[in-house]
Structures are given as C-alpha cells and as structure tokens.
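Heads up: the structure comes next, in structure tokens.
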Amino acid sequence: MGAQLSTGKWRFSQRLRTQKHRGIEFIPYPRTSFVSRGLDIFEESCQWSQRTAPRCFLVLELGHVVLSPVWFLYSLIMKLFQRSTPAITLENPDIKYPLRLIDKEVISHDTRRFRFALPSPEHILGLPVGQHIYLSARIDGNLVIRPYTPVSSDDDKGFVDLVIKVYFKDTHPKFPAGGKMSQYLESMKIGDTIEFRGPNGLLVYQGKGKFAIRPDKKSDPVIKTVKSVGMIAGGTGITPMLQVIRAIMKDPDDHTVCHLLFANQTEKDILLRPELEELRNEHSARFKLWYTVDKAPEGECAWAGGHAGPCVPVLRALCQVEPSVHEVSLGPAHGGPVRGGQ
Numbered sequence: 211m212g213a214q215l216s217t218g219k220w221r222f223s224q225r226l227r228t229q230k231h232r233g234i235e236f237i238p239y240p241r242t243s244f245v246s247r248g249l250d251i252f253e254e255s256c257q258w259s260q261r262t263a264p265r266c267f268l269v270l271e272l273g274h275v276v277l278s279p280v281w282f283l284y285s286l287i288m289k290l291f292q293r294s295t296p297a298i299t300l301e302n303p304d305i306k307y308p309l310r311l312i313d314k315e316v317i318s319h320d321t322r323r324f325r326f327a328l329p330s331p332e333h334i335l336g337l338p339v340g341q342h343i344y345l346s347a348r349i350d351g352n353l354v355i356r357p358y359t360p361v362s363s364d365d366d367k368g369f370v371d372l373v374i375k376v377y378f379k380d381t382h383p384k385f386p387a388g389g390k391m392s393q394y395l396e397s398m399k400i401g402d403t404i405e406f407r408g409p410n411g412l413l414v415y416q417g418k419g420k421f422a423i424r425p426d427k428k429s430d431p432v433i434k435t436v437k438s439v440g441m442i443a444g445g446t447g448i449t450p451m452l453q454v455i456r457a458i459m460k461d462p463d464d465h466t467v468c469h470l471l472f473a474n475q476t477e478k479d480i481l482l483r484p485e486l487e488e489l490r491n492e493h494s495a496r497f498k499l500w501y502t503v504d505k506a507p508e509g510e511c512a513w514a515g516g517h518a519g520p521c522v523p524v525l526r527a528l529c530q531v532e533p534s535v536h537e538v539s540l541g542p543a544h545g546g547p548v549r550g551g552q
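Going by our numbering, the first residue of the sequence shown is number 211, and it counts up by one from there.
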C-alpha cells in the first residue's frame, strides 16, 4: 500500500512538471499541522494557488493537501459571507491629507467645481452627512484655512467634489483683496495638491429624521427626531444643505420633509440650480424649494423663479414652517452646517 502511494505521488509529481500549465499544484502538509491549523491551511492554499492556477480543489490524503480544479467555488462562498468595507480617507480628524486636483469645471463666471482624487479608486472620503472639511494651504507665506462642504458623498468612490465660488479681487467693495483660498484654488493646476482635514462639525444626520446635534465640541450629542427641516441658505451656503437634502431624498423610507429658502444677489448667482430643481421634481412631496434674490430683472417683488427684495411676509407664507418640537432649522443661527469660506 505504502509503495503504491509513493509511486502514485511520484507519478503525480512527474505529471506536475509536464502539466503545470493546467493549474495543478501539489502541496505537502503534515497531518498534525493541518489538524492544528484547520481551515487556515485551506484558505492560505487557495490564496497561494490563485497566483499560478485558475482553479483549485482541496483533497486530503494521508496528511497531504492537493490543490486542483474549482477553487472559485470556495471563493464565491466566502464572498457571500464577507462584507466589503470601503477604505476611508479621513481616518483621523487631526491629520491633514494631501489630495490631488484631477479636474476643474467652470460652472459660471465665478463658480468652479473642483474634483480631487482620493488615495485609491476604492476609497471614500468618510464624511458623515452634516459634517464639513477644512482646506489648508500656505498662501503668501501665511497658513490659510477655510471650511467647505463637498457636493459629492460617500456613495462616490475615488474622488471628492467641491463647488466653490471664487471671490476675485476688486470685485466686491467690502473685500477688495478677494478671497484668499478661493483665488488660490482657482490658480491650482491639474496635479497640484491641497490638504484636507476632517470630519468637523456639530451636526450629523443619522437618517429617518434623526439628527445628532452637539451644543459645542466638548458636549455629547443630543438626538432630535423631526418630521420636517427648515433650511435657509445664501450663496455658497447651499452646499451643506444640498448634502443633507440628498441624504434624505435618496432613502425612500425617510419621510422627512425639507423646506429650503435659497437667497442670492441675482438670479444668475443661484448655485447648483439644476441639481436642486431635479431633486424638487423627483421628490415634490418631500422637498419644497423657494428662491429669493436681492435684485429681480424687473425690480419687482415677484418674478418667475421666486421672490425679490424684502418680501418676508410672502416668503413666510410660502415656507409654512412654524417652530415646533417636530421641526429643526438649519442655518448659521442654529449651529447648522458651515458654508464655504472665501
């Protein structure tokens, strides 16, 4: 019997030399080693064999492991029981992560969409809904830090998008020098890097109308469950609102209603208007949208897209959001998400 097994083993080894291209592998393991290590041997053998063999199968004979066809069966079964967790970019809120600019899109005369690559195509940013990031850069010898909220989400792998209004110098009388960070971003070339840090913020939307809100950075979050959310945004302050609105609307089981009042100087300054109106059209029962501008084309209070000037009574009637225990308001006065900095 022993001689036959030895002969068989020798013949198998001879075939291995001539048929290695078929993916047959022969790996000896002592019986005691296999018993003690159990299925670890099986997993290690299949992983090792994948580099050289298209298929494998486990055969035990007198303390030996033979790898031959159908390893993919094992791989398939294992994958069914494994949950893939995407790699997170913002693992530590105290660490700055340099990310590379890979695309720049001109949205309007003073608004850009900047796309930055994450460490790998499988990475997500790792930013909870309601939180923001900080960008930091050395500008004219000084460290400049500004908060921004991405318009992309953790559903997007491999990149993060920022929509930013560029405050050019000699454009606004109150800011003759313009925005330091926004002009720096405008000057960046494809391939340049900038440092991201986060997550940051006092508010996290947990879904199904549930908000975790901290009074300050040192306090524990207070959970508030609401039926509707009143939002007031101006200019680039729309980005954190859009982040929360998208999170609510993408969940068909989330019945939270969002009321957004979006203020701008003129109609042409309305950022992300196509995205907002697409959400409104697709979720008209849960998302109510109103615009207000400082100057309407005709100088009238009412215009085709919304209202202009100090039409507070009309806007209040339109929004129909009165303070109650079932509602939460998001905006600067309520510790809401942070808008983009200059």
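We put the CB at the ideal spot given by N, CA and C, even for glycine.
As the structure is a computational prediction, the values presented were derived from the model and not from experiment.
Excluding sequence positions up to five before and after F421, its CB lies within less than 8 Å of the CB of G340, L413, V414, Y415, I433, K434, T435, V436 and V538, all in the same chain and listed in chain order.
Looking at the DSSP output, F326 shares a beta bridge with L311 and V370.
Taking 4 residues as the shortest admissible run, the region 370 to 443 contains the following complete alpha helix (DSSP H) segments, listed from N- to C-terminal end: 390 to 397. Going by C-alpha positions, K375 is about 31 Å away from P296. By DSSP's assignment, A297 forms a beta bridge with H333.
Taking N474 as reference, the option from T502, K428, D402 and A495 with the minimal CA-CA separation is T502.
Out of E396, K390, S294 and D366, the CA that lies nearest to the CA of G351 is found in K390. Distance from the CA of K478 to the CA of M398, rounded to the nearest whole angstrom, comes to 25 Å. In the structure shown, I480 falls within a coil segment according to DSSP collapsed to helix, strand and coil. The Cβ neighbour count for L353, taken over all protein chains shown within 10 Å, is under 16; the residue is labelled exposed.
The C-beta distance from L345 to T299 rounds to 14 Å, too long to fall under 8 Å, and the pair is not in contact. Inclusion of G388 and P331 in the CB contact set at 7 Å is not warranted, their separation being larger than that value. In this structure, the straight-line span from the alpha carbon of K498 to that of I458 is close to 13 Å.
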